[in-house]
Amino acid sequence: MRKMTYGQGIKEGMRIRMLENPDVFIFGEDVGLFGGCFGVTSGLFDEFGDKRVRDTPISEGAIIGAAVGSAAAGLRPIAELMFIDFLTVGMDQLVNQAAKMGYMFGGKIKLPMVVRLPAGGGVRAAAQHSQSLEAWLTHVPGLKVVYPSNPQDAIGLMLSAIDDDNPVMYIEHKTLYAVPGEVEDEVKPIPFGKANIKKEGTDVTIITYGKQVYDALKAAEILAKDDIDVEVIDLRSLYPLDKQTIFNSIEKTHKVVLVSEEAKRGAYTGELAAMIAEECFFECDAPIKRVGALNTPIPFSAELEDYVLPNAEDIVNAVKSLF
Amino acid sequence: MRKMTYGQGIKEGMRIRMLENPDVFIFGEDVGLFGGCFGVTSGLFDEFGDKRVRDTPISEGAIIGAAVGSAAAGLRPIAELMFIDFLTVGMDQLVNQAAKMGYMFGGKIKLPMVVRLPAGGGVRAAAQHSQSLEAWLTHVPGLKVVYPSNPQDAIGLMLSAIDDDNPVMYIEHKTLYAVPGEVEDEVKPIPFGKANIKKEGTDVTIITYGKQVYDALKAAEILAKDDIDVEVIDLRSLYPLDKQTIFNSIEKTHKVVLVSEEAKRGAYTGELAAMIAEECFFECDAPIKRVGALNTPIPFSAELEDYVLPNAEDIVNAVKSLF
Amino acid sequence: MKISNQSIIEMYEKMLKIRKFETKAMNLFAEGKIPGFVHLYIGEEAVATGACASLRDDDYITSTHRGHGHIIAKGGDLKYMMAELFGKETGYCKGKGGSMHIADATKGILGANGIVGAGHTIAVGAGLAAQYKGTDQVCVCFFGDASTNQSTFHEGLNLASIWKLPVVFVCENNGYGISVSQARHQAITDISVRAVAYNMPGITVDGNDVFAVYEAVNEAVSRARKGQGPTLVECKTYRWRGHFEGDPTVYRPVEELEQWKKKDPIPRMEKYIIENKVMTEADVTKLNEKMEKMVDDAVDFAVKSNNPSMASAVEDVYTDIIEEARVR
Amino acid sequence: MKISNQSIIEMYEKMLKIRKFETKAMNLFAEGKIPGFVHLYIGEEAVATGACASLRDDDYITSTHRGHGHIIAKGGDLKYMMAELFGKETGYCKGKGGSMHIADATKGILGANGIVGAGHTIAVGAGLAAQYKGTDQVCVCFFGDASTNQSTFHEGLNLASIWKLPVVFVCENNGYGISVSQARHQAITDISVRAVAYNMPGITVDGNDVFAVYEAVNEAVSRARKGQGPTLVECKTYRWRGHFEGDPTVYRPVEELEQWKKKDPIPRMEKYIIENKVMTEADVTKLNEKMEKMVDDAVDFAVKSNNPSMASAVEDVYTDIIEEARVR
Ligand SMILES: Cc1ncc(C[n+]2csc(CCOP(=O)(O)OP(=O)(O)O)c2C)c(N)n1
Ligand SMILES: Cc1ncc(C[n+]2csc(CCOP(=O)(O)OP(=O)(O)O)c2C)c(N)n1
Ligand SMILES: [Mg+2]
Ligand SMILES: [Mg+2]
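Protein chains in written order, with this note's numbering: chain A, 1 to 323; chain X, 324 to 646; chain S, 647 to 974; chain F, 975 to 1302.
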């Protein structure tokens, strides 16, 4: 076992495949010498040089478009967007090109590309640098979407993302970069569509991912004092989705709370709730609860941001409302 | 009462306000002499001239950006995107600017702007010209989203959209343009957030909007033969949402089917289902069903497209599965 | 510049092939046999033909909504193209793409594209791959005049220029983006001046002169292969048909079309060929017939092909996941 | 060009005000009193100052992530600015915007902006409104060198040029986009050459010479007011600080900064002022003190102001809907 941070885990995943496969390369804004806005690629420029760790102009459309073109022509690009919020600038290349080319072309072109997307709030970066946008991405047929919560998963999901022959959206929560965790000595790819039961429990199921895994575990601790035994599921992969783990848990607990940092209206947790309400309805004996951010842009003020974003207390309240 | 088509209704709404208010103007690609790709603005160029009905270059980013800037500076622009699919190209201006400026600036700038968005499939236009993207838009705090299904609503919602001081996304289904309907002689704005009960019923509630209203009504007819009495709700306004009408109906029927043309995964119907499963759970005595398109891009072949898109038969099947 | 007779004949054959294919597509659309949007290349044949004449099978192109000509010029097979227009399972895209999305990976055709301007950055990616791998492949990016106002033109050309990528940007300036004339969509006359913004060579040629196009692109391709970076080549031409089939073209004067019809690139080349004894009139007639036959065979192939199976609707969204089907 | 002494003094005062405000913000950030991202304008004061000197209160500007200088130059109030940096309810945006989103509708300030390049098309919209209403207002659009590779630069300038909108595009070429030098983000040296692509006048000036900036923008503004359309003005300058506070600037040589510090626009103007007897040294000292006091007062105001109420979190998303609050 080794200790490393989440950010280091992401880097480790990329580095392993870059060492093995010369077709894997990284590009994005300030990913080179600067090491990326959050330092995730730091050191890789020195190790791999400017051919394989490339700074781009501020042209998100061209970044994703070039990822599409180079993947179609046989490379395995890893594109970094500095913030997921800038997806809006390269959305066409992602949604109308990357996601649809395989299908539109009858399966005759494949696009092995990874897009790294630092997401989430909590760093006082205000409305245009703090969004959670996984709901948009999971709604797009043709994209896979993963969201690691810890260093071990960061590595394993990155390996699978690079190995995948489809466009993979790799979302990272920016408050987690410095969070440490244990990593097995021998790392292996984590297959997509396998959730991780972080804590077993019998009374209620909390389904979440990314940063909110920590909030959920904290909530579980608090709730344990009230003798509520919580099961916490870290989805890790939003699409493909591990429905079986979800259903198994709900068949046991009969209560479910869905947690994400997204603006609640239209959140990916809505898709999860809908899926459960359609496919697992009779196993639920209480309303399907959702915890999310308020339906506002993310405000700058620390007090306001903390109020708008969900936290452990909100999860505790949601769970308690079911008993 | 008069008869007109859906497309004419949209035009009528714009025309009424253009006659009254010189600050209202239309711009977009080929909206002038050409009359718009679907003919919706035809005649307005002759009537109002090239100052108020403006052709733009193919620059969706600049179109939405200029709508933002001109609205902030006191005009009331109506921007037409030729297809909703091209939102991807102007997504930043919409999501990071239009939707957030009011909030980011502490409410001190208002943005009275309408974006017209022809959506949906059925015209063999394939993957990049057939999407339904309301789920993205309803997920963005700061946007209002409406979706008329008939000429009367097209007018009334357009009047309200132009009158609104916030960015309003006005989605139009392209297979409805030529569909006729009755319109009252005296038209008035239809307030946002008021759903329309198209057919009362006691056994099951179908909630939908846009083109699927017609499918739902057809399904209701078929189901009537099996003695299933369907209530059909046309939401008209996706945000703000008329929760009360939804709850009232479910309290009566205790069964609900949600229908839209979106790729089902991540659809706006998921938000509706989640909201019901959270706020109205104990009124439901059956799984909350959703009908949508398959989770694929829209294929070109007529047979495949018809298979991928939802129809009345799918609604019938979904309803029957609840009994 | 000396062009071999064989090259000339090949180019002439391609131009004919495009013209005949497009004319057939026009008629089939009018008869209601092809659904959806169809954007025809009639009148612009010299551009795709001249531009692709310097390319190898392993070179790339990106195309547009008006893609048939590019695909034929790059070696696309009429049968699979026609079957795709009909939405048949034998089509290039198994019927899932249609006219606007034909691709052929084996010929480096990275797809027609329904999004105006999408090719610009995809081409940059393909050029990057060639440079990265150290091959001497190039990518020709086709696009219309009106697309040069789209975001991607700017970002794509900028990136190609700073990385010196082997991309040739071929602008088909047919004077219009749908109904909007060039004068109304940009304040310049020669789009090649935009190359200045990227410190890239830019040149304008007569797009109805296949040799002029060939020469300009050929030079750009050689420079690209040698690692000397991208070029912008503007080819002035005209589309004879409406923007899409069904467009009544109220926005342009009839005389304008008439003027341009006089500059039809095909008789112009025919004249050259006969005057310079590259082919006899009889050869020309025979080649015309051959191309017509080829198009007829393609239609035949398309008509006889099956519709795609419903099962195929949920395939190819991913390489490894088959999406849930529908019970109907 | 003759500039009145009063104008000169006003410009000098603005430059000082910006420098003092930014220096204070720098210190406050270092002390942990200001959260989030802070991008400082130190070293570039002459650009915003010279560019805004020809503007009226009812003219518009669009700004960037590095916006403090623009806002001060356009007449923003230090108190509300500082309160916003602190996230207080008295701030320009009630604490919801922060450094990157300061706006003041009453002064035509359409907002700092966290999205690189977003201002380009918003400015076009403001210019359109002025032209549409037949006023002679103009909009000055500020942006950095690296933003000129963003999609919006291209689309914005193209639209402004074909519609002859009263927009002045002021590029602050400080040589870098974060860590990427201009030579690595574009293949040109003078960004003003990009004006050619839009058939728009383009000019490059010394951005550390407030008079040069003033003259160039003044001329552009007059032309815009007269309906003669947009201009691209490039101002070469340098940012002294890192991209944001906390950036160790490993990507640039220390000597480069030292060289540029010698070209500090403020002493340079001071020299002119004293040599030309526009002000005495004593006046200059007094003005410096006055500006410092103003900044201190602003900090005082900010510190004493209240945090926003939780209720305000769900306000202003819409003009007419208050979103659901949270029970916590
Ligand atoms: C992003 C986007 N905007 C608008 C359209 C609609 N559209 C399709 S083709 C076209 C005109 C293209 O003009 P040009 O680039 O000159 O090519 P041409 O059709 O003349 O060959 C437009 C506006 C589109 N497909 N994609
Ligand atoms: C669309 C977008 N991409 C990337 C960023 C991250 N970012 C913020 S400022 C900046 C550099 C901007 O450089 P320039 O335009 O030259 O302005 P300067 O910072 O030098 O004043 C970058 C890359 C962003 N905010 N928005
Ligand atoms: Mg054209
Ligand atoms: Mg800069």
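Ideal placement from N, C-alpha and C gives every residue a C-beta, glycine not left out.
Return the residue from the list X/G429, X/S560, X/A390 and X/G355 that minimises the CA-CA distance to X/P490.
Indexing the second sequence from 1 puts residue 490 of chain X at position 167. Residue X/A390 is the option with its Cα nearest to X/P490.
With a cut-off of 8 Å on the beta carbons, I'd call F/M985 and F/G1024 a contact; round off their distance for me.
Start at 1 with the first residue of the fourth sequence, and residue 985 of chain F comes out as number 11. Start at 1 with the first residue of the fourth sequence, and residue 1024 of chain F comes out as number 50. Going by Cβ atoms, the distance from F/M985 to F/G1024 rounds to 7 Å, so yes, they are a contact pair.
Go ahead and pull the three-state DSSP assignment for S/S825.
For the purposes of this step, residue 825 of chain S is taken as the residue at position 179 of the third sequence. The answer is coil: DSSP assigns S/S825 none of H, G, I, E or B.
What are the complete alpha helix (DSSP H) segments, minimum 4 residues, inside the segment 165-226 of chain A?
Within the segment 165-226 of chain A, the complete alpha helix (DSSP H) runs of at least 4 residues are 212-224.
Whose CA, out of X/E509, X/F348, X/F357 and X/H462, lies closest to the CA of X/M436?
Taking the first residue of the second sequence as 1, we reach residue 436 of chain X at position 113. Of X/E509, X/F348, X/F357 and X/H462, the residue nearest in Cα terms is X/F348.
Any Cβ of chain A within less than 8 Å of the Cβ of X/N634?
Working through the second sequence from its first residue, we reach residue 634 of chain X at position 311. Chain A, which has no Cβ nearer than 8 Å to the Cβ of X/N634, makes this no.
Whole-angstrom Cβ separation of S/V826 and S/C881, contact assumed at under 8 Å?
Within the third sequence, residue 826 of chain S is the residue found at index 180, counting from 1. Within the third sequence, residue 881 of chain S is the residue found at index 235, counting from 1. The Cβ separation is near 19 Å, so there is no contact.
Confirm, please, whether the CB-CB distance from A/G156 to A/V123 is below 8 Å.
Residue numbering aside, residue 123 of chain A sits at position 123 when the first sequence is read from its first letter. Residue numbering aside, residue 156 of chain A sits at position 156 when the first sequence is read from its first letter. No.
Per DSSP, what kind of secondary structure is X/R447 in: helix, strand or coil?
Indexing the second sequence from 1 puts residue 447 of chain X at position 124. Three-state DSSP puts X/R447 in coil, outside helix and strand.
Let me check one thing: in DSSP terms, what residues is X/V376 bridge-paired to?
Position 53 of the second sequence, counting from 1, holds the residue named residue 376 of chain X. Looking at the DSSP assignment, X/V376 forms a beta bridge with X/I349.
Do A/Y6 and A/L176 have their CB atoms nearer than 8 Å?
The sequence position of residue 6 of chain A within the first sequence is 6, counting from 1. The sequence position of residue 176 of chain A within the first sequence is 176, counting from 1. Against a cut-off of 8 Å, the Cβ pair of A/L176 and A/Y6 comes out as a contact.
Please list the residues of the segment 239-252 of chain A that have a C-beta atom closer than 9 Å to any C-beta atom in chain F, keeping them in chain order.
Residues: none.
Quick one, what's near ligand 3 if you take every residue whose CB is closer than 6 Å to any heavy atom, in chain order?
Output, sorted by chain position: S/G790, S/D791, S/A792, S/N820, S/Y822 and S/G823.
From S/R885 to S/E691, what does the alpha carbon distance come to, in whole angstroms?
Mapped onto the third sequence, residue 885 of chain S falls at position 239. Mapped onto the third sequence, residue 691 of chain S falls at position 45. Computed Cα separation, rounded: 10 Å.
Straight-line CA distance for F/P1239 to F/A1047?
Taking the first residue of the fourth sequence as 1, we reach residue 1239 of chain F at position 265. Taking the first residue of the fourth sequence as 1, we reach residue 1047 of chain F at position 73. Approximately 15 Å, taken between the alpha carbons.
Could you name the residues of chain F that S/R609 contacts, counting a contact when the two beta carbons are closer than 9 Å?
Because chain S is modelled from 647 through 974, residue 609 of chain S falls outside the range shown and cannot be assessed.
Can you find a heavy atom of ligand 2 that lies under 7 Å from the Cβ of F/I1089?
Sequence index remark: in the fourth sequence, residue 1089 of chain F carries index 115 (1-based). F/I1089: yes, Cβ under 7 Å from ligand 2.
Do the segment 725-736 of chain S and the segment 887-899 of chain S touch if we need at least three Cβ pairs shorter than 8 Å?
Segments in contact, no.
Residue range of the beta strand (DSSP E) that F/E1208 falls in?
As a first step, residue 1208 of chain F is located in the fourth sequence; it is residue number 234 there, counting from the start. F/E1208 -> beta strand (DSSP E) spans T1205 to K1210.
Just reading off the alpha helix (DSSP H) that A/T351 is part of, what are its end residues?
This structure does not reach residue 351 of chain A, given that chain A is present from 1 up to 323, and the question cannot be answered.
Out of F/E1266, F/V1098, F/L1059 and F/T1080, which has the shortest C-alpha to C-alpha gap to F/S1073?
Looking up residue 1073 of chain F in the fourth sequence gives position 99. That would be F/L1059, whose Cα lies nearest to the Cα of F/S1073.
Is S/S807 close to chain F? Criterion is C-beta to C-beta, closer than 8 Å.
On the third sequence, residue 807 of chain S is found 161 positions in, with the first residue counted as 1. Closer than 8 Å: yes.
So what does DSSP say about S/C785, is it helix, strand or coil?
Against the third sequence, residue 785 of chain S aligns to sequence position 139. S/C785 falls in the strand class under three-state DSSP.
Just to confirm the assignment: which complete alpha helix (DSSP H) runs, minimum length 4, are found wholly within the segment 1117-1153 of chain F?
Complete alpha helix (DSSP H) runs here, min 4: 1125-1136.
Hey, does F/P1227 have any beta-carbon neighbour from chain A nearer than 8 Å?
Within the fourth sequence, the letter at position 253 stands for residue 1227 of chain F. By this cut-off, F/P1227 is not an interface position.
For F/P1230, is the beta carbon positioned less than 7 Å from some heavy atom of ligand 2?
What you label residue 1230 of chain F is simply residue 256 of the fourth sequence in a count that begins at 1. The question names Pro, but residue 1230 of chain F is Glu in the sequence shown. No, the beta carbon of F/E1230 sits no closer than 7 Å to any heavy atom of ligand 2.
Going by C-alpha distance, which of A/E305, A/T253 and A/V115 is nearest A/A98?
Taking the first residue of the first sequence as position 1, residue 98 of chain A is located at position 98. Ranking the options by Cα distance to A/A98, first place goes to A/V115.
Under 8 Å, Cβ to Cβ, is there at least one residue of chain C near A/K174?
In summary, chain C is missing from the structure at hand, where the protein chains are A, X, S and F.
Taking 7 Å as the cut-off, is the beta-carbon of X/I381 closer than that to any non-hydrogen atom of ligand 1?
Position 58 of the second sequence, counting from 1, holds the residue named residue 381 of chain X. Yes, the Cβ of X/I381 comes within 7 Å of a heavy atom of ligand 1.
So which residues on chain F does X/K431 lean against when the C-beta distance must stay under 7 Å?
As a working mapping, residue 431 of chain X is identified with position 108 in the second sequence. Within 7 Å Cβ-Cβ: A1077 and A1079.
Using DSSP bridges, identify the partner residues of A/P77.
Here residue 77 of chain A is taken as the residue at index 77 of the first sequence, counted from 1. For A/P77, which the question treats as bridged, DSSP gives the partners A/F25.
On a CA-only basis, which of F/T997, F/K1053 and F/N1192 is nearest F/D1271? Give me that one, please.
Within the fourth sequence, numbered from 1, the residue matching residue 1271 of chain F stands at position 297. When each option's Cα is compared against that of F/D1271, the closest is F/K1053.
For X/P441, which of helix, strand or coil comes out of DSSP?
Position 118 of the second sequence holds residue 441 of chain X. Here X/P441 sits in strand by DSSP.
What does DSSP give as the partner residues of A/K255 in its beta bridges?
As a position in the first sequence, residue 255 of chain A is number 255, starting the count at 1. Note: A/K255 sits in no beta bridge, so no partner.
What would DSSP say about X/T328, mapped onto helix, strand or coil?
Position 5 of the second sequence, counted from the start, is the residue given in the question as residue 328 of chain X. Three-state result, X/T328: strand.
Check whether the Cβ of F/E1297 sits closer than 7 Å to any heavy atom of ligand 2, and report yes or no.
Here the question's residue 1297 of chain F lines up with position 323 in the fourth sequence. For ligand 2, not one heavy atom lies less than 7 Å from the Cβ of F/E1297.
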